[in-house]
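Structure first, then comments.
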Amino acid sequence: MSLDKLKKLAKEKKIQFLDIKFTDLPGFWHHITLPVSSLEASLFKNGVGVDGSSLPGFSAIEKGDMILIPDTSTAFVDPFFDRPTLSMIADIMEVDKQILPYSRNPRRIARDAEAYLQKVVKGSQAIIGPEFEF
Numbered sequence: 772m773s774l775d776k777l778k779k780l781a782k783e784k785k786i787q788f789l790d791i792k793f794t795d796l797p798g799f800w801h802h803i804t805l806p807v808s809s810l811e812a813s814l815f816k817n818g819v820g821v822d823g824s825s826l827p828g829f830s831a832i833e834k835g836d837m838i839l840i841p842d843t844s845t846a847f848v849d850p851f852f853d854r855p856t857l858s859m860i861a862d863i864m865e866v867d868k869q870i871l872p873y874s875r876n877p878r879r880i881a882r883d884a885e886a887y888l889q890k891v892v893k894g895s896q897a898i899i900g901p902e903f904e905f
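Position one of the sequence shown corresponds to residue 772 (this note's numbering), numbered consecutively onward.
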């Protein structure tokens, strides 16, 4: 969904907040809630800063700077908030000398696994479940 469409949706639904969601390594949800005024191009370019060292298994204190880049294709009006809130799932990025995708981001791992499967077994489709089945 484009930024213009997101802004139109936010206006139509009288959205007050943005909720940026991400998962940690064990799969637990975390989120950061921002005012709807944050819905600007810079949010999708520069992201929102988080301290990766406060999340188990993510990074050491000296390399804890990370950012969340919301994925507009995951946007939805969240029915579980008291106030109108637009939620999006984010990709986790490392910040060192440049911004790079975080290698242990669960979304990235799933995408990489799907791409590998399609490369190795042409015409295949990955079905990834939310829990271990063994």
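Every residue, glycine too, gets a C-beta built ideally from N, C-alpha and C.
All values derive from a computational prediction rather than experimental measurement.
| Query | Result |
| --- | --- |
| Taking all protein chains shown into account, decide if residue 881 is buried (16 or more other Cβ within 10 angstroms of its Cβ) or exposed. | exposed |
| Classify residue 807 as helix, strand or coil using the three-state DSSP reduction. | helix |
| Please decide whether residue 806 counts as near chain B, where near means a Cβ-Cβ distance under 9 Å. | Considering every chain present, this structure includes no chain B. It has just one protein chain. |
| For residue 799, which of 877, 854, 865 and 840 has the nearest alpha-carbon? | 877 |
| Based on the DSSP secondary-structure assignment, which residues constitute the bridge partners of residue 858? | 790 and 847 |
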